[in-house]
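Visitor: I have a structure here, written as structure tokens, and I will follow up with some questions on it.
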Amino acid sequence: MWKSVTCVLFVTTLLWSLVLSQSETCVTPLGKQSKCVSFYKCPTLLKAIEHGSPRNSMVKSFLKRSLCGYQGDTPKVCCGPLPSAPMQEQNPRPNQALPQGRSSYNQEDSSPAPRNQCGVDTSGDRIYGGVPTELNEFPWMALLGYKNSSIPITYQCGGTLINRRYILTAAHCIIGPIVRKYGHVSKARLGEYDTRTDVDCVSSECADRHQEIAVASAYPHLGYSEHDKNRKDDIGIVRLATRAEYTYYVQPICLVDNRDRLETGDDVYVAGWGKTEFEKKSPIKRKIRLSIFDKDACVSKYRRAGALLGENQFCAGGVFLEDTCRGDSGGPLMRRRPEGVWAAYGVVSFGPYVCGSDGWPGIYTSVARYMDWIKNTLKTTNVPHNMYYSS
């Protein structure tokens, strides 16, 4: 009997150690296989802090890309070697030309950012209803700029950086009335906080200057029609002309795992520069916490208003003065996963005419339902010299 118990305990311990070992495997920012451990058990990264200022943007960026989750409140890092070149502060001049080769083809842009290199937000969980974000919160947020021959560039939609080359957004931010009114999407702005200033500062901390990158091409889902008031297939991809540079203030978000499910009442989060409760567009990136709205009740409510929601859409919000508004279109609906990284679950699509109407939730396109389309679009459009505009 004791032999049987001992054998069972041994096998259980062995299996647990194998599972634990597999779950802690990761890839460092330098591409090396390593283990995901407590930050305080990684001597190389501790050394980076000791020998360089933690405000050094290069140190902060490397540390951020090394994060692989949390154990309680303690960050976990993919522990590996530091870059051979010193991580010295870089202060590029405004409008400095991008390094040669940044615009070249790179195979890694053919898929979303890997799970251990995305969705890391070091600012914590300080999220409440309709308040300004921290300077470095949600570093994957993008502003999409539009231009035609008669008006200067204006920023009308949001988006989400999913790797160095691609931004996820809504199809209605790529084609339809927005193009006729403002022109095609021509620029993407990353690392923005306050649209009124070139260099954004909060208290004594200042962010790097935002990155303004030309748009090479844009791909709305082929099933989307501007004449469909139900906004079916309202999802799109924007390809940048040059690769974004990852910094402390510019990082990609993770995309939802197909196994993940949102349940009624789950907390989710949105951010952007949309209208405030005073009906003015916010110059500062703002955030709000929402709850998933019961789908059947949402479908019934919108049916009475003449819109038929499909299985690829879901609802969130519906609390008075707490909602996404025009200007947040195309931005992400996000949730922090159990392992500590943030993932995009939805794309802001549409809502009631009066933003923040009590009992009327906003409608979001489900990212999980379009993962195959997203991956296929990245794979088929990430080719050398792909500079045409798709519509």
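According to mature numbering (1 follows the signal peptide of the UniProt record, and there is no 0), the residues represented by the sequence shown are -21 to -1, 1 to 370, in order. Glycine residues also receive a C-beta, built at the ideal position from the N, C-alpha and C atoms.
How would you label Pro71, buried or exposed, when you count the other beta carbons within 10 angstroms and need 16 or more for buried?
Guide: The predicted position of Pro71 is uncertain, since its pLDDT is 36 and thus under 50; no value can be drawn from it.
Visitor: Leaving aside the five residues before and after Leu24 along the sequence, list all residues of the same chain whose C-beta is less than 7 Å from its C-beta, in chain order.
Guide: Closer than 7 Å at Cβ, skipping near neighbours: Phe18, Leu42, Ser45, Val56, Cys58.
Visitor: By DSSP, does Ala92 sit in helix, in strand, or in coil?
Guide: Note: Ala92 maps to coil in three-state DSSP.
Visitor: Helix, strand or coil, according to DSSP, for His163 in the structure here?
Guide: Strand.
Visitor: Could you check which residue in Asn361, Pro262, Arg159, Ser345 has the C-alpha nearest to that of Arg175?
Guide: With distances taken between Cα atoms, Arg175 lies closest to Pro262.
Visitor: What does DSSP give as the partner residue(s) for Leu114 in the beta ladder?
Guide: None, per the DSSP bridge assignment.
Visitor: Quick one: which unbroken beta strand (DSSP E) runs of 3-plus residues sit fully inside the stretch 259 to 332? Chain order, please.
Guide: List check, beta strand (DSSP E) in window: 265 to 270, 292 to 296, 311 to 315, 321 to 329.
Visitor: Could you spell out where the beta strand (DSSP E) holding Lys126 opens and where it closes?
Guide: Taken as a continuous stretch (DSSP letters only), the beta strand (DSSP E) holding Lys126 covers 120 to 126.
Visitor: 8 Å is my cut-off, CB to CB: does Thr221 come that close to chain B?
Guide: Annotation note: the requested chain B is absent from the structure, which comprises a single protein chain.
Visitor: Let me make sure I understand the geometry here. Which of Gly325, Trp321, Glu290, Gly319 has the alpha-carbon closest to that of Gly296?
Guide: It is Gly325.
Visitor: Who are the Cβ neighbours of Lys208 in its own chain at under 8 Å, not counting the five residues just before and after it?
Guide: Within the same chain, Lys208 has close Cβ partners Gly285, Ala286.
Visitor: Between Val249 and Leu269, how many whole angstroms is the CB-CB distance? I'm expecting something under 8 Å.
Guide: With 8 Å as the limit, Val249 and Leu269 qualify as a contact, their Cβ atoms being about 6 Å apart.
Visitor: Starting from Ile146, follow the beta strand (DSSP E) in both directions and report where the run begins and ends.
Guide: It spans 145 to 148 - the beta strand (DSSP E) in which Ile146 sits, taken as one unbroken run.
Visitor: When the Cα atoms are used, what is the spatial distance from Arg314 to Asn115?
Guide: Distance between the alpha carbons of Arg314 and Asn115 is about 17 Å.
Visitor: Look up Thr133 in the DSSP assignment and say whether it is helix, strand or coil.
Guide: Strand at Thr133.
Visitor: Give the straight-line distance between the Cα atoms of Lys358 and Ser89, rounded to the nearest whole angstrom.
Guide: When rounded, the distance between both Cα atoms is 5 Å.
Visitor: Can you give me the Cβ contacts of Trp119 inside the same chain, cut-off strictly under 7 Å, excluding the 5 residues immediately before and after it?
Guide: For Trp119, where only same-chain residues beyond five positions count, the Cβ hits under 7 Å are Thr139, Leu140, Gln230, Pro231, Ile232.
Visitor: Quick one: measure Cβ to Cβ for Ala186 and Asp179, integer angstroms, because I've assumed they're closer than 8 Å.
Guide: The Cβ separation is near 5 Å, so the contact holds.
Visitor: Please identify the residue among Gln292, Pro317, Asp273, Gly309 whose C-alpha is closest to the C-alpha of Val298.
Guide: The option with the nearest alpha carbon to Val298 is Asp273.
Visitor: Between Asp307 and Gly253, which are expected to be in contact by the criterion C-beta below 8 Å, what is the C-beta distance as a whole number of angstroms?
Guide: So it is a contact: roughly 4 Å between Cβ atoms.
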